[in-house]
Amino acid sequence: MSARRLSTVGLLLVALGCASSKPAQPAVAAAPPPPPDAWRDTQPAALAAVPPFRAPVPVQRSLPNRLTVLLRENHAVPVVVVELAIKTGVDGDPPDRAGLADFVAASIDEGTRTRSSQQLAEQLEDLAAVLGVSPGLDGIRLHLNCLSDTLEPALDLLADVALNPAFRPADVERVRGITLTGLEQRRGNPGALASDEVARLLYGSKHPWGQPAGGTVDSVKAIRRQDLMRFHDTYFRPNNALLSVSGDFEPEKILALLSERFGAWRPKSVPPSRLPPFPKDAPRTVITVDMPDSTQSQLALVTRTLSATNPDALALSTANVALGGLFTSRLNQQLREVRGWTYGMFSSVGFNKRTGVFQVRGSVVAQHTVDSLKDIEAELKRYATGDITDSELQHAKEGILQSLPQALETNDAVASTFVTLSNIGRPLDWYATLPGRLGALGREEVARVSRAYLDPGKLPVVVVGPKKDQQGLAELHLGSVVDRTAEAKGLAARPAPPSAPAAR
Amino acid sequence: MRARAVVVTCLLLAGARALAATEPSIPYTEFTLPNGLRVILSEDHRAPQVTVNIWYHVGAANQRPGRSGFAHLFEHMMFSGSQHVPDPDKVLAAIGAGLGGAANGSTNFDRTNYFETVPANQLPTALWIESDRMGFLLPTLDEKKLVTQRDVVSNERRQRIENQPYGRAYLELCDTLYPKPHPYYHCVIGSIEEIQAASLEDVKGFFREFYSPRNATLTIVGDFDPAVAREQVTRYFGDLPGGPEPKRPDVPQPKLDRVVEKTVPDPVARIPQLQMVWNGSKPFAPEEAAGDILSVVLGGSKTSRLYRRLVEEKQIASGVYAANASLGLGGYFQIVATARGGHTVAELRKEVEAVLDDLRKNGPTPAEVERAKRTVVGGMVRSVERISGKADQLNAYTFWTGDPGYLPKDVARYKAVTTSQVHDAARTLLPPDRLLVMDVEPASPAAAGARP
Chain Y
25 MSARRLSTVG LLLVALGCAS SKPAQPAVAA APPPPPDAWR DTQPAALAAV
75 PPFRAPVPVQ RSLPNRLTVL LRENHAVPVV VVELAIKTGV DGDPPDRAGL
125 ADFVAASIDE GTRTRSSQQL AEQLEDLAAV LGVSPGLDGI RLHLNCLSDT
175 LEPALDLLAD VALNPAFRPA DVERVRGITL TGLEQRRGNP GALASDEVAR
225 LLYGSKHPWG QPAGGTVDSV KAIRRQDLMR FHDTYFRPNN ALLSVSGDFE
275 PEKILALLSE RFGAWRPKSV PPSRLPPFPK DAPRTVITVD MPDSTQSQLA
325 LVTRTLSATN PDALALSTAN VALGGLFTSR LNQQLREVRG WTYGMFSSVG
375 FNKRTGVFQV RGSVVAQHTV DSLKDIEAEL KRYATGDITD SELQHAKEGI
425 LQSLPQALET NDAVASTFVT LSNIGRPLDW YATLPGRLGA LGREEVARVS
475 RAYLDPGKLP VVVVGPKKDQ QGLAELHLGS VVDRTAEAKG LAARPAPPSA
525 PAAR
Chain H
37 MRARAVVVTC LLLAGARALA ATEPSIPYTE FTLPNGLRVI LSEDHRAPQV
87 TVNIWYHVGA ANQRPGRSGF AHLFEHMMFS GSQHVPDPDK VLAAIGAGLG
137 GAANGSTNFD RTNYFETVPA NQLPTALWIE SDRMGFLLPT LDEKKLVTQR
187 DVVSNERRQR IENQPYGRAY LELCDTLYPK PHPYYHCVIG SIEEIQAASL
237 EDVKGFFREF YSPRNATLTI VGDFDPAVAR EQVTRYFGDL PGGPEPKRPD
287 VPQPKLDRVV EKTVPDPVAR IPQLQMVWNG SKPFAPEEAA GDILSVVLGG
337 SKTSRLYRRL VEEKQIASGV YAANASLGLG GYFQIVATAR GGHTVAELRK
387 EVEAVLDDLR KNGPTPAEVE RAKRTVVGGM VRSVERISGK ADQLNAYTFW
437 TGDPGYLPKD VARYKAVTTS QVHDAARTLL PPDRLLVMDV EPASPAAAGA
487 RP
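Quick mapping for you: the protein sequence lines, in order, are chains Y and H.
Our numbering puts the first residue of the first sequence at 25, with every later residue one more than the last.
Our numbering puts the first residue of the second sequence at 37, with every later residue one more than the last.
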């Protein structure tokens with residue numbers, strides 16, 4: 025299927041005026057009667073106002089072992105989602121074990137003390153239940169989606185996976201082989217290569233978050249079964265976890281069901297994370313990775329901004345939506361609709377507990393790589409001035425508000441959203457109270473925050489594409505050009521790895 | 037590909053403790069305007085929003101030779117402004133439909149859809165936009181708009197096909213199973229040369245032939261009053277001319293008559309991949325449900341035959357899946373196995389063939405079939421939790437079966453599949469002597485000698 029735009033990308037709108045104007049009609053000799061369709065020239069008035077959307081807010085409980093439980097009842101469909109979130113992820117990777125959290129996530133559902141990998145999968149499928157495990161920078165999520173009439177046996181399986189993983193050597197080695205294959209695949213994928221370069225620029229080569237996603241060939245080969253078990257024993261603790269539940273459950277029963285399965289989970293003090301500091305601002309650079317056969321170049325301009333709990337975060341999000349987050353933001357309009365060089369060019373912001381990321385990202389046709397960077401630089405000047413019109417601001421606010429019902433429509437999304445809010449340190453009623461805070465946000469405030477945090481003239485640039493199409497790159501004066509092709513593709517001198525990892 | 041996914045009735049009983057009904061259905065009402073536009077309404081008052089979704093019964097299937105990619109390019113033109121709505125994106129953004137995929141369109145082999153989710157009280161504006169591009173696209177169409185979108189779509193192809201590992205194999209699949217002049221050749225996205233060859237006259241002719249009330253269905257799902265919705269739909273669409281009686285494409289499905297073997301070099305893949313592809317069925321054809329269950333038994337999960345054999349036991353694959361893709365002019369059944377580092381397509385093929393031989397000979401177990409059926413029906417229960425999903429599903433059922441209320445019958449169709457039907461499907465849908473076998477090999481010079 026082909027779509028007009030990637031649906032994962034934020035969309036629409038230019039804000040140059042309010043009413044749409046018709047093209048001028050050619051002059052005619054006699055005044056004609058008004059065309060029968062003239063009434064269509066005017067945008068219809070809205071119907072009567074509707075009550076505002078109320079974003080769900082969970083009820084918070086805790087089990088005696090300090091496991092926090094968030095509950096949101098929703099009987100729309102016969103489904104219950106239970107997300108068990110561990111509050112340590114890639115940030116728990118030791119320096120020489122990049123990829124450990126990912127490895128734990130990939131192998132934790134490959135068998136428990138009493139169930140083999142196949143038995144576990146069979147029992148989940150027999151319930152039509154789906155269990156997914158996803159590692160993140162600041163946590164690991166075990167996400168269960170089950171039908172409400174089989175909640176109890178499905179919860180048994182979730183608890184068994186979380187509390188009693190076996191990490192059998194054969195399963196570990198199988199996962200290792202698949203992981204190494206995935207790492208090799210990333211070396212050929214322009215988007216993956218760009219993302220790894222972005223992570224290194226943002227967090228530094230000493231920081232767990234600055235490592236290639238999933239680790240390196242060497243680090244993954246170095247991970248032992250004991251590392252997996254130690255990670256699990258250290259971080260999979262009720263005092264370092266959260267249960268987020270949304271769906272069609274019986275409220276008077278749910279706590280008992282959860283207690284029966286997670287109540288005996290023993291707390292243990294979790295070591296504080298000792299992460300290296302983020303890198304200091306460096307002179308601007310342009311990182312290039314040569315992909316001679318690619319027909320496009322992946323472009324990224326990135327910087328750290330501020331943490332999710334910073335009072336300026338909402339204004340920064342709003343500024344980004346106005347300037348580069350909408351389909352009709354000038355960035356996308358210029359590169360896509362005026363130039364035709366891309367399928368989409370957007371900026372985005374994201375936040376976590378420690379920092380935030382601003383990123384301009386898109387793919388452009390290879391022969392216009394340098395032209396595109398020149399256009400992007402020109403469009404980004406507005407970010408540094410905070411020059412946003414009233415209607416741009418209004419449309420950004422409206423877009424954020426009206427996207428909430430869809431963003432929080434499914435039980436999957438709601439359960440995960442509660443976990444995210446908790447992980448990044450925002451209050452659980454963040455979305456319920458958002459309309460008030462957003463309404464109070466003024467243009468000056470948004471402009472100030474944009475000026476303070478978004479200075480794209482300093483942002484390092486990543487270009488993954490054919491080197492032959494990069495003539496004139498240095499002459500843009502975006503900083504010194506550094507070719508990291510060998511490092512990024514893992515071609516730097518290293519003895520040829522054995523074809524299969526040794527058993528451990 | 038037709039989505040197998042569906043919905044569930046939302047019995048929203050305020051304050052009730054009762055659990056939700058487990059048998060899915062989507063309640064609806066419908067009417068047809070005198071110009072032939074079929075309209076389907078389904079109330080869902082969980083949130084103050086409505087989604088408007090139009091299916092035009094046109095897709096790549098309706099393209100002419102030399103115009104691959106055209107139905108999709110045309111879809112882009114529908115966002116370039118119409119006579120009374122010069123900039124629909126701007127209007128949508130002003131009412132809050134500017135983020136998160138709230139408004140978009142998509143084109144596949146057989147149909148094209150356009151949709152937007154808007155605040156409930158902005159239903160008239162959504163209908164205003166959709167009716168204007170249905171009735172008044174051509175007066176403000178010009179060459180400049182077309183030139184821009186030809187380039188944008190060319191970049192879409194580069195981004196989503198050429199620069200994705202194994203994207204080129206997908207094009208090879210289309211070209212082999214649907215050789216020119218079949219309208220599916222080059223898949224939906226088309227070739228850049230033919231996208232660039234599209235003219236204004238092509239756009240005008242396509243619009244006049246396929247974009248009319250008689251060739252569309254309009255579905256509204258969400259928080260609305262049905263009487264108001266009917267009045268508003270009639271106001272905006274009632275006076276559009278009905279258009280010609282729609283012609284359904286009727287092109288015979290080319291049939292493979294031997295084993296076709298191809299090697300596909302892929303510059304952005306670093307790991308070899310095996311694809312085995314057979315001629316497939318049409319949506320809702322009698323053999324479709326058993327074929328879907330067969331795809332799950334073969335390669336739909338960790339317990340599937342191929343996963344167990346290739347990933348777990350032999351450990352020669354890093355991933356495997358099977359899919360039964362039903363298409364209006366005849367679909368395809370596909371098995372895809374990606375090697376584990378250091379292993380070859382020849383090894384993969386040997387094991388896939390062993391799995392297939394066994395399944396053809398002995399059939400699946402009743403437990404396997406039951407498990408696969410639960411997986412499929414479970415997907416139907418949960419996947420249209422969203423109003424946008426329900427709207428698209430109502431349109432899909434209407435397009436393919438004529439019955440917007442088909443969901444319970446669809447569930448029943450899968451529940452009725454028997455073990456022996458799946459066994460038959462393995463024998464009849466996957467003949468060993470009539471298929472396409474693709475060996476996708478890393479082609480980048482950088483990849484040589486760098487495999488783990």
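Backbone N, C-alpha and C define an ideal beta-carbon position, used for all residues, glycine too.
Exercise for review: Find the nearest neighbour of Val381 (chain H) within the set H:Val183, H:Met312, H:Arg271 and H:Arg449, judged by alpha-carbon distance.
Suggested key: H:Met312
**Study point:** chain H contact for Trp233 (chain Y) (CB, 8 Å cutoff)
**Key:** no
Point to revise | Runs of alpha helix (DSSP H) wholly within the stretch 221-250 of chain Y (minimum 4 residues, chain order) | key: 241-246
Check your understanding: Are the beta-carbon atoms of Arg461 (chain Y) and Thr333 (chain Y) separated by less than 8 Å?
Key -> no
Review point. Buried or exposed: which applies to Thr464 (chain H), given that a residue is buried once 16 or more other Cβ atoms fall within 10 Å of its Cβ?
Key: exposed
Point to revise | Residue-chain proximity (Leu207 (chain H), chain Y), Cβ-Cβ < 8 Å | key: no
Check your understanding: Can you list, in chain order, the residues of its chain whose CB lies under 6 Å from that of Pro275 (chain Y), leaving out five sequence neighbours each side?
Key -> Glu97
Exercise for review: Return the chain-ordered ranges of every beta strand (DSSP E) run that is complete within the stretch 80-109 of chain Y and spans a minimum of 3 residues.
Suggested key: 83-86 and 92-97
Check your understanding: To the nearest angstrom, how far is it from the Cα of Glu146 (chain Y) to the Cα of Thr339 (chain H)?
Key -> Cα to Cα, Glu146 (chain Y) sits roughly 6 Å from Thr339 (chain H).
Exercise for review: Go ahead and pull the three-state DSSP assignment for Lys350 (chain H).
Suggested key: coil
Check your understanding: Can you tell me the Cα-Cα spacing of Pro122 (chain H) and Glu361 (chain Y), whole angstroms?
Key -> 14 Å
Check your understanding: Expressed to the nearest angstrom, what Euclidean distance is found between the alpha-carbon atoms of Met113 (chain H) and Pro440 (chain H)?
Key -> Distance between the alpha carbons of Met113 (chain H) and Pro440 (chain H): 29 Å.
Point to revise | Unbroken stretches of the beta strand (DSSP E), 3 residues or longer, contained in the stretch 439-518 of chain Y | key: 485-489 and 504-507
Practice item. Tell me, please, whether the CB atom of Ala100 (chain Y) is closer than 8 Å to any CB atom in chain H? Key: Yes, its Cβ sits closer than 8 Å to a Cβ of chain H.
Review point. What whole-angstrom Cβ distance do Ile424 (chain Y) and Thr342 (chain Y) have, given they're in contact under 8 Å?
Key: 7 Å
Exercise for review: Note down, in chain order, each residue of its chain lying with its Cβ closer than 7 Å to the Cβ of Gly279 (chain H), except the 5 sequence neighbours on either side.
Suggested key: The beta carbon of Gly279 (chain H) sits closer than 7 Å to those of Ser248, Pro249, Arg250 and Asn251, all from its chain and outside the five residues before and after it, given in chain order.
Check your understanding: How about Leu365 (chain H): is its C-beta nearer than 8 Å to some C-beta of chain Y?
Key -> no
Practice item. Write down every uninterrupted run of the beta strand (DSSP E) in the stretch 148-224 of chain H whose length is 3 residues or greater and which is fully enclosed by it, in chain order. Key: DSSP runs (the beta strand (DSSP E)) wholly in the stretch 148-224 of chain H: 148-155.
Check your understanding: At a Cβ threshold of 8 Å, is Ala83 (chain H) touching chain Y?
Key -> yes
Point to revise | Members of the stretch 334-367 of chain Y that neighbour chain H once the beta carbon cut-off is set at 9 Å | key: Val345, Gly349, Leu350, Phe351, Thr352, Arg360, Glu361, Val362, Arg363, Gly364, Trp365, Thr366 and Tyr367
**Study point:** Candidates H:Glu66, H:His108 and H:Gly132: closest to Gln418 (chain Y) by CA position
**Key:** H:Gly132
Review point. How about Ala306 (chain Y) and Val486 (chain Y): do their beta carbons lie closer than 8 Å?
Key: no
Exercise for review: Within 10 angstroms of the Cβ of Asp257 (chain Y), are there 16 or more other Cβ atoms? Answer buried if so, exposed if not.
Suggested key: exposed
**Study point:** Phe435 (chain H) to Thr253 (chain H) span [Cα, whole Å]
**Key:** 8 Å
Exercise for review: Within the same chain, show all residues whose beta-carbon is closer than 7 Å to that of Thr455 (chain H), passing over the 5 residues directly before and after it, in chain order.
Suggested key: Gly399, Pro400, Pro402 and Val405
Check your understanding: Expressed to the nearest angstrom, what Euclidean distance is found between the alpha-carbon atoms of Val244 (chain Y) and Gln185 (chain H)?
Key -> 44 Å
Point to revise | Those residues which DSSP pairs with Pro478 (chain H) across a bridge | key: Paired residue(s): H:Asp302.
Check your understanding: Apart from the five residues on each side of it in sequence, which residues of its chain come closer than 7 Å, Cβ to Cβ, to Val473 (chain Y)?
Key -> Asp336, Ala339, Leu340 and Ala343
Practice item. Out of Y:Asp184, Y:Gly496, Y:Lys111 and Y:Pro118, state which residue places its alpha-carbon closest to the alpha-carbon of Pro262 (chain Y). Key: Y:Lys111
Check your understanding: By the criterion of Cβ-Cβ separation under 8 Å, what are the contact partners of Gly203 (chain H) in chain Y?
Key -> Simply none; closest approach about 11 Å.
Review point. Which of the three DSSP states, helix, strand or coil, is assigned to Arg385 (chain Y)?
Key: strand
Check your understanding: Would you call the CB atoms of Leu544 (chain H) and Leu346 (chain H) closer than 8 Å?
Key -> Only positions 37 to 488 of chain H appear in the structure, and residue 544 (chain H) is not among them; the question remains open.
Point to revise | Pick from H:Gly203, H:Asp168, H:Lys216 and H:Ile352 that is closest to Ala96 (chain H), judged by C-alpha positions | key: H:Lys216
Exercise for review: Using a Cβ cut-off of 8 Å (strictly closer), state whether Gln49 (chain Y) contacts chain H.
Suggested key: Its pLDDT being 40, under 50, Gln49 (chain Y) is placed unreliably in this model, and the value from its coordinates should be taken loosely. So no, Gln49 (chain Y) is outside the interface.
**Study point:** Within 8 Å, strictly: CB atoms of Gln84 (chain Y) and Ile307 (chain H)
**Key:** no
**Study point:** Interface positions of the stretch 139-167 of chain Y facing chain H (Cβ-Cβ less than 9 Å), listed along the chain
**Key:** Ser141, Gln142, Leu144, Ala145, Glu146, Leu148, Glu149, Asp150, Leu151, Ala152, Ala153 and Val154
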